[in-house]
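Novice: Okay, handing you the structure first.
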DNA sequence: ACCTGAACACCGTTCAAGT
DNA sequence: ACCTGAACACCGTTCAAGT
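Protein chains in written order, with this note's numbering: chain D, 1 to 222; chain G, 223 to 444.
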């Protein structure tokens with residue numbers, strides 16, 4: 001099975017990202033990748049070394065999609081913009097949450113560039129020293145946690161269970177917790193898109209207000 | 223290979239948690255579990271149905287360790303206490319981050335009880351409606367993100383790489399980002415335990431201040 | 001009711017061998 | 001330098017068969 005063009009690292013990564021975007025992290029296997037590339041079940045090893053490495057390269061690849069513009073507005077606007085862009089990245093590539101949790105030490109040029117951007121924005125805000133690291137990390141964490149909460153259970157054609165059905169299933173477990181049951185029902189009856197959006201903005205506002213409070217305690221040098 | 227005592231659901235889950243605690247999520251396989259239980263490679267199927275289900279049951283099992291006491295102090299203290307307890311749970315069972323990200327829809331009595339506790343504390347603080355859900359979720363997200371950032375790369379005996387060596391390895395990638403390099407070095411030279419603690423407390427304070435700011439905008443009814 | 005053995009369809013990775 | 005074939009040591013899951 002000779003393929004039309006010669007393979008290289010870039011084409012392998014591109015095929016990996018396509019597989020990940022369409023079918024998720026589990027779908028990325030050495031053998032499926034070989035099939036997609038019209039090649040042998042283990043082509044990737046020459047080009048990227050290992051599965052773990054390939055996931056890291058694919059992650060770095062999609063991080064390159066981020067614009068990371070500094071608009072010149074307030075640090076609040078810059079940080080909010082960064083968080084919203086990152087959120088969109090995670091929604092375009094839902095496998096990112098799983099990739100980060102199973103391979104926690106991913107790094108690469110685009111990720112490093114993103115980390116630096118976060119630090120720059122937080123630095124402008126007035127953070128220094130370790131506060132700088134922690135402020136940046138809190139933004140990333142916020143988006144990661146938001147995306148995690150939004151990850152749909154992977155049930156491809158499993159008779160798409162409606163929210164109402166889910167509530168029925170857990171109603172027994174919730175018998176002792178009327179407040180929790182009330183919230184489950186409220187969420188089941190709300191429009192998912194609207195709730196997702198508002199939920200993210202709630203978290204973002206809380207985060208920015210919290211950072212602001214921290215800055216107010218340590219006012220900038222005159 | 224007859225085993226001394228009869229198996230039941232509880233013993234299977236207990237063995238699973240021990241395997242997870244000692245060797246991580248990857249170590250939990252049907253065959254290893256069978257070996258540990260002095261039984262066949264597929265014993266678990268009769269008792270828990272599937273691997274996915276077993277991970278959920280193990281997660282719920284460890285969530286039962288949480289005390290979830292309401293101290294009667296301020297909502298801030300209660301929420302901080304809950305977050306710190308949850309953090310300790312994640313550090314006792316480092317596989318939890320991966321479990322939540324690979325099986326996002328885990329639920330069970332102990333988890334439901336924890337969710338209810340979060341809602342109760344947030345409700346006392348003055349949150350209502352969807353704000354209640356989002357406030358609770360932000361606490362869980364905060365701890366999850368903190369634990370994620372702390373997950374050590376699983377390199378068992380891989381010549382424990384020192385932080386300084388890591389900095390050397392990425393120094394090339396960081397050439398264009400002096401601020402980022404400076405932060406890497408500062409973190410490499412700091413005591414990990416102290417930094418972890420301070421990092422968590424920073425995030426927690428930011429979160430609580432942010433929630434407080436939200437409450438101030440919507441003062442409680444008189 | 002509970003457990004075993006064998007099988008199916010997969011994995012990641014290595015390595016000698018090909019071109 | 002790049003790719004293939006075959007093999008090794010694993011997976012989760014099913015199912016007929018045992019007790």
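Virtual Cβ for every residue (Gly too), placed ideally from N, Cα, C. Predicted, not measured: the structure shown is a model, and the values here were computed from it.
(1) Residue 355 of chain G CB to nearest chain D CB: under 9 Å?
(2) How would you call residue 295 of chain G, buried or exposed, if buried means at least 16 neighbouring beta carbons within 10 angstroms?
(3) Closest to residue 228 of chain G by C-alpha separation, out of G:239, G:249, G:265 and G:419, would be which residue?
(4) Would you mind sorting residue 45 of chain D into buried or exposed? The rule is 16 or more other CB atoms within 10 Å of its CB.
(5) Whole angstroms are fine: how far does the CA of residue 341 of chain G sit from the CA of residue 289 of chain G?
(6) Identify the contact partners of residue 75 of chain D in chain G, using a Cβ-Cβ distance below 7 Å as the criterion.
(7) DSSP state of residue 42 of chain D, grouped into three classes?
(8) With a Cβ-Cβ cutoff of 9 Å, do residue 311 of chain G and residue 344 of chain G count as a contact?
(9) Helix, strand or coil: how does DSSP classify residue 328 of chain G here?
(10) If the cut is a Cβ gap below 7 Å, which residues of chain G does residue 107 of chain D touch?
(11) May I ask you to verify whether the segment 181 to 190 of chain D touches the segment 405 to 420 of chain G, counting CB pairs closer than 8 Å and requiring at least 3?
(12) Residues in the same chain with beta-carbon distance under 6 Å from residue 241 of chain G, minus the five sequence neighbours each way, listed in chain order, please.
(13) Going by beta-carbon coordinates alone, are residue 210 of chain D and residue 431 of chain G separated by less than 9 Å?
(14) Hey, residue 110 of chain D and residue 64 of chain D are a contact pair by Cβ (cut 8 Å); roughly how many whole angstroms apart?
(15) Please report the straight-line C-alpha distance between residue 364 of chain G and residue 77 of chain D, rounded to a whole angstrom.
(16) Under 7 Å, CB to CB, which of the residues in the segment 81 to 98 of chain D have a partner in chain G?
(17) Could I get the ranges of all uninterrupted alpha helix (DSSP H) runs contained in the segment 11 to 67 of chain D, with 4 residues as the minimum, in chain order?
(18) With a threshold of 9 Å between beta carbons, is residue 366 of chain G in contact with chain D?
(19) Assuming the contact rule is C-beta atoms closer than 8 Å, residue 356 of chain G and residue 246 of chain G should be a hit. Round their C-beta distance to whole Å, please.
(20) Is the CB of residue 440 of chain G under 9 Å away from at least one CB in chain D?
(21) Have a look at residue 262 of chain G and residue 255 of chain G and give me their C-alpha separation to the nearest angstrom.
(22) Report yes if the C-beta distance between residue 309 of chain G and residue 368 of chain G is below 9 Å; otherwise report no.
(23) At least one CB of chain D closer than 9 Å to the CB of residue 279 of chain G: is that the case?
(24) Please return the same chain residues whose Cβ sits closer than 7 Å to the Cβ of residue 21 of chain D, not counting the five positions on each side in sequence.
(25) Straight-line CA distance for residue 112 of chain D to residue 198 of chain D?
(26) Leaving aside the five residues before and after residue 106 of chain D along the sequence, list all residues of the same chain whose C-beta is less than 8 Å from its C-beta, in chain order.
(27) Helix, strand or coil, according to DSSP, for residue 369 of chain G in the structure here?
(28) Considering Cα atoms alone, identify which of G:366, G:402 and G:237 is closest to residue 129 of chain D.
(29) What residues in the segment 32 to 64 of chain D bring their beta carbon closer than 8 Å to a beta carbon of chain G?
(30) Just the Cα atoms here: how many angstroms apart are residue 422 of chain G and residue 303 of chain G?
(31) Distance cutoff 9 Å, beta carbons only. Does residue 244 of chain G sit that close to anything in chain D?
(32) Kindly indicate which three-state DSSP category residue 95 of chain D falls into: helix, strand or coil?
(33) Any idea what DSSP makes of residue 349 of chain G, helix, strand or coil?
(34) Would residue 69 of chain D be called buried (16 or more neighbouring beta carbons within 10 Å of its own) or exposed?
(35) Inspect the beta-carbon positions of residue 429 of chain G and residue 305 of chain G and report whether they are closer than 9 Å.
(36) Which residues in chain D have a C-beta closer than 7 Å to the C-beta of residue 338 of chain G? List them in chain order.
Specialist: Judging by the given coordinates:
(1) Taking a beta-carbon distance threshold of 9 Å, residue 355 of chain G counts as an interface residue toward chain D.
(2) In this structure residue 295 of chain G is exposed. Its beta-carbon is surrounded by fewer than 16 other beta-carbon atoms within 10 angstroms.
(3) Of the candidates G:239, G:249, G:265 and G:419, the one whose C-alpha sits nearest the C-alpha of residue 228 of chain G is G:265.
(4) Taking all protein chains shown into account, residue 45 of chain D has fewer than 16 neighbouring C-beta atoms within 10 Å of its C-beta and is therefore exposed.
(5) When rounded, the distance between both Cα atoms is 15 Å.
(6) Those within 7 Å of residue 75 of chain D in chain G number zero; the least Cβ separation is about 15 Å.
(7) In the structure shown, the three-state DSSP call for residue 42 of chain D is coil.
(8) No, they are not a contact pair.
(9) Of the three classes helix, strand and coil, the one that applies to residue 328 of chain G here is coil, per DSSP.
(10) Those are 392, listed as they occur along chain G.
(11) No, the segment 181 to 190 of chain D is not in contact with the segment 405 to 420 of chain G.
(12) So the qualifying residues of the chain are 249 and 250.
(13) Annotated as proximal: residue 210 of chain D and residue 431 of chain G, with beta-carbon spacing under 9 Å.
(14) The C-beta distance from residue 110 of chain D to residue 64 of chain D rounds to 4 Å, short enough to fall under 8 Å.
(15) So the alpha carbons of these two residues sit roughly 22 Å apart.
(16) Those would be 97 and 98, in chain order.
(17) Here the runs fully enclosed are 30 to 36, 44 to 48 and 51 to 63.
(18) For residue 366 of chain G, at least one C-beta of chain D is nearer than 9 Å to its own C-beta.
(19) No, residue 356 of chain G and residue 246 of chain G are not in contact; Cβ-Cβ is about 32 Å, not under 8 Å.
(20) Residue contact with chain D for residue 440 of chain G: absent (no Cβ-Cβ distance below 9 Å to any residue of chain D).
(21) Put simply, the backbone Cα of residue 262 of chain G is about 9 Å away from that of residue 255 of chain G.
(22) The beta carbons of residue 309 of chain G and residue 368 of chain G sit closer together than 9 Å.
(23) Cβ-Cβ to chain D under 9 Å: no for residue 279 of chain G.
(24) Contacts found: 93.
(25) Cα-Cα distance, rounded: 30 Å.
(26) If we look at residue 106 of chain D and ignore the five residues flanking it on each side, its Cβ neighbours are 55, 56, 59, 60, 99 and 100.
(27) Three-state DSSP puts residue 369 of chain G in a helix.
(28) Taking only the C-alpha atoms, the option nearest residue 129 of chain D is G:402.
(29) Listed in sequence order: no entries.
(30) So the two alpha carbons sit approximately 13 Å from each other.
(31) By this cut-off, residue 244 of chain G is not an interface position.
(32) Residue 95 of chain D: coil per DSSP, three-state reduction.
(33) For residue 349 of chain G, the secondary structure class from DSSP, reduced to helix, strand or coil, is coil.
(34) It is exposed - the Cβ of residue 69 of chain D has fewer than 16 other Cβ atoms within 10 Å.
(35) Yes, the pair counts as a contact, with Cβ atoms nearer than the cut-off.
(36) Against chain D, the beta carbon of residue 338 of chain G has neighbours under 7 Å at 177, 179 and 180, listed in chain order.
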